[in-house]
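Number of protein chains: 2
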Amino acid sequence: MVKNESQALVSEAAETAWIALLRAHRDATNAAEAALRAAKLPSLYWYDVLLELKRAPEGLRAVDLERRLLIAQYNVSRLLKRMEQAGLLKRAPDPADARGRLLFLTKQGLVLQKKMWPHYAGVIERRLGATLSEAEAHRLTALLSKVDEQDPA
Amino acid sequence: MVKNESQALVSEAAETAWIALLRAHRDATNAAEAALRAAKLPSLYWYDVLLELKRAPEGLRAVDLERRLLIAQYNVSRLLKRMEQAGLLKRAPDPADARGRLLFLTKQGLVLQKKMWPHYAGVIERRLGATLSEAEAHRLTALLSKVDEQDPA
DNA sequence: TTGAAGTCAATGCAGTTGCATGTAAATATC
DNA sequence: GATATTTACATGCAACTGCATTGACTTCAA
Chain E
872 MVKNESQALV
882 SEAAETAWIA
892 LLRAHRDATN
902 AAEAALRAAK
912 LPSLYWYDVL
922 LELKRAPEGL
932 RAVDLERRLL
942 IAQYNVSRLL
952 KRMEQAGLLK
962 RAPDPADARG
972 RLLFLTKQGL
982 VLQKKMWPHY
992 AGVIERRLGA
1002 TLSEAEAHRL
1012 TALLSKVDEQ
1022 DPA
Chain G
872 MVKNESQALV
882 SEAAETAWIA
892 LLRAHRDATN
902 AAEAALRAAK
912 LPSLYWYDVL
922 LELKRAPEGL
932 RAVDLERRLL
942 IAQYNVSRLL
952 KRMEQAGLLK
962 RAPDPADARG
972 RLLFLTKQGL
982 VLQKKMWPHY
992 AGVIERRLGA
1002 TLSEAEAHRL
1012 TALLSKVDEQ
1022 DPA
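This is the structure in structure tokens:
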């Protein structure tokens, strides 16, 4: 996927790991998206939003979502509009800050989240649960976490 | 990013690893894309194509690219059209199979690949080279590889 | 060999994303 | 406490993606 021979810029090991990361991710998310589509369900991003909102029954601001999901601001904005139109969430004025609005999951949104989960979980289980032992999964998590603790860029 | 409490569908460890994978990838590719954009260079996918073609001076078919890069067929088709229009590659009839065409990198394409690499490499180095030891990078690669050896599903 | 089935690519259309910018409210500065 | 800066969110436009389908060739099988 990447991998370049002209040296000195990056260690061989780091570059190989990078490629493995890209491939594993692309492959796994392709599978997850395919599973959801096959079930006529929305994409992973929609799921992520539904779940975040489910966990924040006191309401969440778009900015928080943006940070948690690492999605660009304008995409969050439009994603929320679509999801609101689909009846999955509500946006109410934020008493603490009139610039933004607080987001709340609707009953319909909760129903959809629950409906999507098994499909999503199936993929995770096949990709990670079935191929890695508990210990390996933990090690993988630890290594990946080191990679993005690296906040800025 | 994901993470659900209703159990039994997936092990906790696998789910956590999944989230870590999504976050690490999103974060790292965001950084890489940002670095390339800041330098007014094309996106990662373009780079991937350039590099694959560089490595296949004997010519490559679109189908092969599709498999190597895990990009959908119609996206490969259009990506190649754009890159051809940009003068980065050439498409010639494949003597062995008249349905497809063979792809070749142009001199301009090679120049661009070389120009992009340092920007890309910088991100890889900061994300992976700087945060992981050689041994850790190798372990990460090994674990990620297990995940997508899992072909179909 | 011929026709049925499979493979390699391209494309119209609708939906989504990125970029640049805009509006409004909050915070900082003096 | 008026102005400048920053923050939260929205949006027009152009580019890109996914879906479904098509066209063109290859392969398989009787």
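Residue numbers (my numbering), protein chains in the order written: chain E, 872 to 1024; chain G, 872 to 1024.
We treat Cβ as the ideally placed atom computed from N, Cα and C, and that holds for glycine.
Original post:
Would you say R972 (chain G) and P964 (chain G) are within 8 Å of each other, going by their C-beta atoms?
Top reply: yes
Subject >> For L921 (chain G), the nearest candidate out of G:V934, G:T977, G:L880 and G:A895 (CA to CA) >> reply: G:T977
Original post:
Which class does P989 (chain G) belong to by DSSP, given the choice of helix, strand or coil?
Top reply: helix
Original post:
Using the C-alpha atoms, what's the distance from D898 (chain E) back to A885 (chain G)?
Top reply: 16 Å
Subject >> 8 Å Cβ cutoff, W917 (chain E) in contact with chain G >> reply: No, W917 (chain E) does not count as interfacial toward chain G.
**OP:** Give the residues of chain G in contact with L1015 (chain E), contact being defined as C-beta atoms less than 8 Å apart.
**Re:** Within chain G, the residues A888, A891, L892, R894, A895 and L1011 have their CB atoms less than 8 Å from the CB of L1015 (chain E), given in chain order.
Original post:
Using the rule of at least 16 other Cβ atoms within 10 Å of the residue's Cβ for burial, across every protein chain shown, is Q956 (chain G) buried or exposed?
Top reply: exposed
Original post:
Between G:R939, G:V1018 and G:L974, which lies nearest to K952 (chain G) when the distance is taken from Cα to Cα?
Top reply: G:L974
Original post:
Between K904 (chain G) and the rest of its own chain, which residues show a CB-CB distance below 7 Å, the 5 nearest in sequence each way excluded?
Top reply: Note that residue 904 (chain G) corresponds to Glu in the displayed sequence, not to Lys. Taken in chain order, the residues that qualify are S914 and L915.
Original post:
Using a Cβ-Cβ cut-off of 7 Å (strictly less than) and excluding sequence neighbours within five positions of Q944 (chain E), which residues of its own chain qualify?
Top reply: Residues E937 of the same chain have their beta carbon placed closer than 7 Å to that of Q944 (chain E), with the five preceding and five following residues left out of the count.
Original post:
Around the Cβ of S882 (chain G), are there at least 16 other Cβ atoms within 10 angstroms (buried) or fewer (exposed)?
Top reply: S882 (chain G) counts as buried, since at least 16 other C-beta atoms from the protein chains shown sit within 10 angstroms of its C-beta.
Original post:
For a contact meaning CB atoms closer than 9 Å, what does P913 (chain G) contact in chain E?
Top reply: By Cβ distance, chain E contributes nothing, its closest Cβ being about 14 Å from P913 (chain G), past 9 Å.
Subject >> Buried/exposed call for A947 (chain E), threshold 16 Cβ in 10 Å >> reply: The question names Ala, but residue 947 (chain E) is Val in the sequence shown. Its Cβ being crowded by 16 or more others within 10 Å, V947 (chain E) is buried.
Original post:
Terminal residues of the continuous alpha helix (DSSP H) containing L959 (chain E)?
Top reply: L959 (chain E) -> no alpha helix (DSSP H), and no H or E assigned at all.
Original post:
Helix, strand or coil: how does DSSP classify R894 (chain E) here?
Top reply: helix
**OP:** Mind reading off the beta-carbon distance from L999 (chain G) to A888 (chain E)? Whole number of angstroms is fine, and I expect it under 8 Å.
**Re:** 5 Å
Subject >> Contained beta strand (DSSP E) runs [length at least 3] in the stretch 912-978 of chain G, N- to C-terminal order >> reply: Runs of the beta strand (DSSP E) spanning 3 or more residues and lying entirely within the stretch 912-978 of chain G occur at 960-964 and 972-976, in chain order.
Original post:
Shorter than 8 Å from the beta carbon of V920 (chain G) to some beta carbon of chain E?
Top reply: So, not an interface residue.
Subject >> C-beta neighbour in chain E for A885 (chain G), strict 8 Å >> reply: yes
Subject >> For L1014 (chain E), three-class secondary structure by DSSP >> reply: helix
Original post:
Nearest chain E C-beta to V982 (chain G) closer than 8 Å, yes or no?
Top reply: no
Subject >> Closest residue to L981 (chain E) among E:E996, E:A902, E:L924 and E:L893 (Cα-Cα distance) >> reply: E:L924
**OP:** Please report how far the alpha carbon of Y991 (chain E) lies from the alpha carbon of I890 (chain G), in whole angstroms.
**Re:** 12 Å
Original post:
Which residues in the same chain have their Cβ closer than 7 Å to the Cβ of A1008 (chain E), if we skip the five residues on either side of it in sequence?
Top reply: L999
Original post:
Mapping DSSP to helix, strand and coil, what is V881 (chain G)?
Top reply: Coil.
**OP:** Report yes if the CB atom of R1010 (chain G) is closer than 8 Å to the CB atom of L1014 (chain E), and no otherwise.
**Re:** Yes, the pair counts as a contact, with Cβ atoms nearer than the cut-off.
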